[in-house]
Amino acid sequence: MIMKKIYLLAGAIIASSSLFAQRLANTPMVAAAKSTNSVSVKGNSLVPMKAEGDLVWSNNFGTASDWVHVSGPNQTPGAVGQWQILNAVPATLVSQGFNATIQSASGPSFGFIDSDGAGAGKVQDAYLEYTGTINLSTLAPGTPLYLEFTEYYRHYQEENFVEVSVDGGTTWTTYQVNPVSEVPVNTNSLVPEFQIVNITSANAAGSATVKVRFHYVGTYDWFWGVDDIKITEAYQNDGKMVRSIMTSDPSNSQGCDYYMIPDNQIADFPGHEFITIAENMGAATQTNFKVRAIEPVSGYNELSAAGVTYGNSLASGVADTFKITTPFNPAASATPYNVTISVDLGLTDANSANDTTSFRGIKVGGTEFARDNNVMSGGITSFGGTGNEIIGWFNYMNIFATYSVGSVKTYIPQTQAAGFTTDDVYASIEQYNGTTFDEVFVTPTYSVTSADFGKWLSLSSDVTDLEPGLYRVVFHRSENGANTLRIGMAQACPEGTVGGIKQSDLTTIGLADPNALMIRLSPISYLGTNEIDADPFGLNVYPNPANDQANVTFSLVNDAAVVVTVTDLAGKVVYTSNEGSNAAGTHSLTINTSSFSNGVYMVNFSANNEVSTQKLVIRK
């Protein structure tokens, strides 16, 4: 996993002014968002429009002169940090663990900008502009249109936009993609990822002088690659899932999400609710727009109330917030629960592949209490900001029934800062008394070395009973210094449920658009690390979406028997392959998906009594 130091810059943190503020209502809406949906078409073409979903125009970067870098007013002069047409991702990024190609359908050429390679102090205000004009004069004015493309990125604090001109480049309509509200800091895209932007508001249909361009704004951030650019006619009925959070009764608790709920918390746990932003991507106004949550094993199946702002009626291009307030609170089970949230239009959605998101691997029962989903998305360092301020990072956690804690477990990523030698750390637990937080549990200092990388670190003290209430579970560095130990971050989580404590004055800060920290409570008291990796198999499923077949790559640390199953969103097993014993190392296999219907599936990989899951979209 690739990580970059998180500096405490304006806009990256927020003051913790209220512990119990509303979490997601009134979240800003954008014109387009992350998507895993595309139609793969190679080459340049201009074809008559026939029906919704039809291709109007496409370009696959096969002719490099079709595109040109244009510097914006803030671009640092010089060749570094400009858009390029490449056949491979720069070696400096590949050496950090990124893919050598963006795995687009057409390959090999693609547009690419490398902010990381430009280095510190270099500003990117960079456009990748189509040099020609696109003739859409055969389309009736007002015809709803999508701009679609394949992309590959890692995000830090950069911004991505697509822009459309209908007057040959004199004026432009701008659409933001991959905003931080949907792509948190230090997040990778899928490989590849597919983006759809509803560009109907640009009024391109009927114009003979349409142009498109991509705009990257950043400074020593990461990168963005794009390929297989298409304009298609928008579907009439197309709901899109933008973002969802899982929250435990925010009216009566801190509203945290929990992925490991121990036995002694089950009876008093209030259950999870779901808050979702969904968008009408289609051309038609939807008059019964809702979202639905399904967990097939428990039988949970709930429909949301009307949208917070617009009710059930959403015009084209409009998004709203939807809440499912019937708690998801299942019984203890040896099998993790998987909740799928889907757009429900009350009629057939023409493009079901962008309808869903899921909360997978919710474990009910056992002894450990955790908020992370055990899938590392990035890392955060406890050292940064002006004057190299030391930050102790924490998860808020509600204790619902008395819990006896013996240790705090924290995941230490394999990838750390160059030259790292050792770092002294400790953990504490602080209870909210109605005004401030009182320390009720603290561990001795432990010296982290490279032997602890890629493992869970347990920091222990005397077993202590935590009474019901709100707590902060904190991971600290013990002193100032040059080392910058990173700890793991997992899924995006409700704002206001993760924060930091500045060591200099003990003031509290909160992360905007946070990810849950991989910090857990355990009743067992011991010191050191154990050999449990986050998402240990390096599972990759591609192409995604797939048509007639999907490839699966995975890595094994030890020899293991491997079983691969594919389930639909109702939990029905549609494919099983017992791969037998596989030797340690990297392997691949092929899944024949020719008989699969269009839609979303889950690829479940099992080895060494562990399961890793990835979403697979079938689009034919």
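Mapping the sequence shown onto this note's numbering, position 482 (from 1) lands on 482, and the numbers just tick up by one.
Glycine included, C-beta positions come from ideal geometry on N, C-alpha and C.
**Study point:** Where D125 sits in the DSSP three-state scheme
**Key:** DSSP places D125 in strand when its eight states are reduced to three.
Review point. DSSP three-state call for I266: helix, strand or coil?
Key: Secondary structure at I266: helix, using DSSP grouped into helix, strand and coil.
Point to revise | Straight-line Cα distance separating R619 from A350 | key: In a straight line, the C-alpha of A350 is about 12 Å away from that of R619.
Point to revise | Close-in-space but distant-in-sequence residues of the same chain around F441 (CB under 7 Å, 5 per side omitted) | key: Answer for F441: V405, S428, I429, S461, T464, listed in chain order.
Check your understanding: CA-CA distance, R292 and A353?
Key -> R292 and A353: Cα-Cα distance of roughly 15 Å.
Check your understanding: With distances taken between CB atoms, is the gap from L459 to V541 smaller than 8 Å?
Key -> At the C-beta level, L459 and V541 stay beyond 8 Å of one another.
Review point. Going by the CB atoms, is the gap between R472 and Y396 shorter than 8 Å?
Key: With a cutoff of 8 Å on beta-carbon distance, Y396 and R472 are scored as near each other.
Check your understanding: Can you tell me whether S189 is buried or exposed, with buried defined as 16 or more other CB within 10 angstroms of its CB?
Key -> With 16 or more other Cβ atoms within 10 Å, it is buried.
**Study point:** Beta-bridge partners of T138, as assigned by DSSP
**Key:** DSSP, once it has assigned bridges, lists no residue as partnering T138.
Review point. My guess is that H272 and S248 are in contact by the Cβ rule of under 8 Å, so how many angstroms apart are they, rounded?
Key: H272 to S248, Cβ: 6 Å. Contact.
Check your understanding: For I85, is the classification buried or exposed, using 16 other Cβ atoms within 10 angstroms of its Cβ as the cut-off for buried?
Key -> So I85 ends up on the buried side.
Review point. S115 lies in the alpha helix (DSSP H); which residues open and close that run?
Key: DSSP places S115 inside the alpha helix (DSSP H), whose first and last residues are 115-118.
Practice item. In angstroms with no decimal places, state the Cα-to-Cα distance between I245 and S181. Key: I245 and S181 have their alpha carbons spaced roughly 11 Å apart.
Review point. Does DSSP put L190 in a helix, in a strand, or in coil?
Key: In the three-state DSSP reduction, L190 falls in the coil class, being neither helix nor strand.
**Study point:** C-beta atoms of I261 and F269 nearer than 8 Å
**Key:** Yes; because the gap between Cβ atoms is below 8 Å, this pair is in contact.
Check your understanding: Per DSSP, what kind of secondary structure is N354 in: helix, strand or coil?
Key -> In the displayed model, N354 falls within a helix according to three-state DSSP.
Review point. G255 to R360, Cα distance in whole Å?
Key: Approximately 18 Å, taken between the alpha carbons.
Check your understanding: The alpha helix (DSSP H) with T92 in it runs from where to where?
Key -> Boundaries of the alpha helix (DSSP H) around T92: 91-94.
Point to revise | Straight-line Cα distance separating I229 from Q614 | key: If you take the alpha carbons of Q614 and I229, they lie about 26 Å apart.
Point to revise | Alpha-carbon spacing of G585 relative to V562, whole angstroms | key: Each residue's Cα considered, the two are about 13 Å apart.
Review point. Is any heavy atom in the ligand GDP found nearer than 7 Å to the beta carbon of D320?
Key: This structure lacks the ligand GDP; in fact it carries no ligand of any kind.
Check your understanding: Roughly how many angstroms separate the alpha carbons of T597 and L616, rounded to a whole number?
Key -> The sequence given here has Ser at residue 597, not Thr. Each residue's alpha carbon lies about 12 Å from the other.
Review point. What are the start and end residues of the beta strand (DSSP E) that includes T174?
Key: From DSSP, the beta strand (DSSP E) with T174 extends over 173-177.
Review point. Helix, strand or coil: how does DSSP classify S404 here?
Key: In the structure shown, S404 sits in a strand (DSSP, three-state: E or B).
Review point. What first and last residue would you give for the beta strand (DSSP E) that runs through W224?
Key: W224 -> beta strand (DSSP E) spans 223-233.
Review point. By DSSP, does T422 sit in helix, in strand, or in coil?
Key: DSSP places T422 in coil when its eight states are reduced to three.
Exercise for review: Tell me, please, which residues DSSP counts as bridged to M246.
Suggested key: Beta-bridge pairing links M246 to F274.
Practice item. Let me know the secondary structure DSSP gives S606 once reduced to three states. Key: In the three-state scheme derived from DSSP, where H, G and I count as helix and E and B as strand, S606 is classed as strand.
**Study point:** Close beta carbons around S588, own chain, < 7 Å, minus the five adjacent residues each side
**Key:** Counting only Cβ-Cβ distances below 7 Å, and skipping sequence neighbours, we find N551, V552, T553.
Check your understanding: Going by the CB atoms, is the gap between T150 and P192 shorter than 8 Å?
Key -> In this structure, T150 lies closer than 8 Å to P192 by Cβ.
**Study point:** A202 - DSSP class collapsed to helix/strand/coil
**Key:** Note: A202 maps to helix in three-state DSSP.
**Study point:** Spatial distance of N544 from Y146 (CA atoms)
**Key:** Cα to Cα, N544 sits roughly 20 Å from Y146.
Point to revise | the stretch 120-140 in contact with the stretch 172-179 per 3-pair CB rule at 8 Å | key: Here the stretch 120-140 makes no contact with the stretch 172-179; the two share fewer than three CB pairs at distances below 8 Å.
Check your understanding: Is there contact between the stretch 304-315 and the stretch 572-585, where contact requires at least three CB pairs shorter than 8 Å?
Key -> Fewer than three beta-carbon pairs drawn from the stretch 304-315 and the stretch 572-585 are found closer than 8 Å, and the two stretches are therefore not classed as touching.
Review point. Who are the Cβ neighbours of A583 in its own chain at under 8 Å, not counting the five residues just before and after it?
Key: Within the same chain, A583 has close Cβ partners L556, D559.
Exercise for review: Run the CB neighbour count on S492, radius 10 Å, all protein chains shown included, and call it buried at 16 or more, exposed below.
Suggested key: Checking the sequence shown, residue 492 turns out to be Ala, not Ser. It is buried - the Cβ of A492 has at least 16 other Cβ atoms within 10 Å.
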